[in-house]
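In this note's numbering, the protein residues as written are 48 to 358. Quick reminder that beta carbons are idealized off the backbone N, C-alpha and C, glycines included. Down below is the structure, laid out as structure tokens.
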Amino acid sequence: MEKKILYRFFEGKASYKEEEEVCNWTEASEKNMQEYLKERKYFDLLIVQNRKNRIQPTSSGNVFYLNNIIKYAAAIAIFIICGIQIYNHTKPDVSHLEMNTISVPVGQRVNILLSDGTNVWLNSGSKMKYPASFTKGKREITLNGEGYFEVTKDTKRPFVVQTDKYNIKVLGTKFNVDAYDKTSFFSAALMEGSIQISEKEEPSNSIVLHPLEKADQVDGKLVIEKIQNYDIYRWKEGLICFENTTFNDLMKEFEKTYDIQIINGNKNLDNYICSGKFRISDGIDFILQVLQRDISFRFQRNENNTIIYIK
């Protein structure tokens, strides 16, 4: 296996063909898997080599940086390559509009290639409904969850992402949408092109995002600001990245990622501001153990392994 292909895969820049090639190669033999893990570990070391551990007091608490994760455990290198399910849907030879639904298992991500060439990554616990083949007049899908889209440009057929509260209309662009029906949170971030976001109940209430901007729902209204941290959109690479995030907000992210309830009973943690990077495949127990190196707390699971108590 060529190292340049492996490193494109680690960076999330590999083509679909290259992703499939890496999967097949690692599954062919134990030797190949060991070589993959070796290169994965080296790559992870490169990610963090320029960052230094530091603890800085702030008015709202302490900031801790988790940049020696690999030093603490080799498990950081174990990225289960085929845990990311890749679906390639081609245009079927049918005259009627057949609808498909993809539901992503908790803790996994799914990459889907739509019939028009649009590439979609879906995050943990997401669900997307889409036609097997788009019609001549429109391209519409429904999203409940978080998705990263690289939309194929087609000026005659705008691409529309329908969520619980908002519709997002594009021609050709790259953007991220976080819109789980079970929460009131909505966020859209634009990397390339432009998107129009409109309320479902009042379509005339709309905004337009330009590159490097994001829109978050705050008190029922969309607020536009510049993207400050691109790492948080690297979940499609199997990463959990956070910067200047409160401990409680971080636990909410873990709840979504690992489908488990976390109850924080340690009030001393409320003001801690966290920055760091983990691989989702490391598992929540490992991540919490690493956090304990910078914060004094204990945790335990209930008998059914459905709740984690922070003490």
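Next on the checklist: Suppose you measure from the CA of A235 to the CA of E272; what does that come to, to the nearest Å?
Outcome noted: If you number the sequence shown from 1, residue 235 lands on position 188. If you number the sequence shown from 1, residue 272 lands on position 225. Taking the straight line joining both Cα atoms gives about 11 Å.
Next on the checklist: With three or more C-beta pairs closer than 8 Å as the rule, is the segment 249-261 touching the segment 185-195?
Outcome noted: Result no; under three Cβ-Cβ pairs closer than 8 Å.
Checklist entry - Any contact of the segment 313-325 with the segment 339-352, i.e. 3+ C-beta pairs under 8 Å? => result Because the criterion of three Cβ pairs below 8 Å is met, the segment 313-325 and the segment 339-352 touch.
Checklist entry - Nearest-angstrom Cα distance between I159 and N315? => result As a working note, residue 159 is residue 112 in the sequence shown. As a working note, residue 315 is residue 268 in the sequence shown. Between I159 and N315, the C-alpha separation is close to 43 Å.
Item to check | Inter-residue Cα distance where the pair is D260 and L237 | outcome: As a first step, residue 260 is located in the sequence shown; it is residue number 213 there, counting from the start. As a first step, residue 237 is located in the sequence shown; it is residue number 190 there, counting from the start. Reading the sequence as shown, one finds Glu at residue 260 and not Asp. Straight-line Cα distance between these residues: approximately 6 Å.
Checklist entry - For I75, does the count of other Cβ atoms within 10 angstroms reach 16, so buried, or fall short, so exposed? => result Position 28 of the sequence shown, counted from the start, is the residue given in the question as residue 75. Strictly speaking, residue 75 in this sequence is Ala, with Ile absent from that position. Counting Cβ neighbours within 10 Å, A75 comes out exposed, since fewer than 16 surround it.
Item to check | Buried or exposed (CB count within 10 angstroms, at least 16 for buried), Q347 | outcome: Counting from 1 along the sequence shown, the entry for residue 347 is found at position 300. Exposed is the label assigned to Q347, since fewer than 16 other Cβ atoms lie within 10 Å of its Cβ.
Checklist entry - Would T220 pass as a contact of G240 if the rule is Cβ separation under 7 Å? => result Along the sequence shown, read from residue 1 onward, the residue named residue 220 stands at position 173. Along the sequence shown, read from residue 1 onward, the residue named residue 240 stands at position 193. Pairing T220 with G240 gives a Cβ-Cβ distance under 7 Å.
Checklist entry - Can you name the start and end residues of the beta strand (DSSP E) that V167 belongs to? => result Numbered from 1 along the sequence shown, position 120 holds the residue referred to as residue 167. It spans 166-169 - the beta strand (DSSP E) in which V167 sits, taken as one unbroken run.
Item to check | Where M238 falls: helix, strand or coil (DSSP) | outcome: Along the sequence shown, read from residue 1 onward, the residue named residue 238 stands at position 191. The DSSP-derived three-state label of M238 is strand.
Checklist entry - DSSP on Q336, reduced to helix/strand/coil? => result Residue numbering aside, residue 336 sits at position 289 when the sequence shown is read from its first letter. Of the three classes helix, strand and coil, the one that applies to Q336 here is helix, per DSSP.
Next on the checklist: How far does the alpha helix (DSSP H) with M175 in it extend, from its first residue to its last?
Outcome noted: Sequence index remark: in the sequence shown, residue 175 carries index 128 (1-based). Where M175 is concerned, there is no enclosing alpha helix (DSSP H), although the beta strand (DSSP E) it sits in stretches over 174-178.
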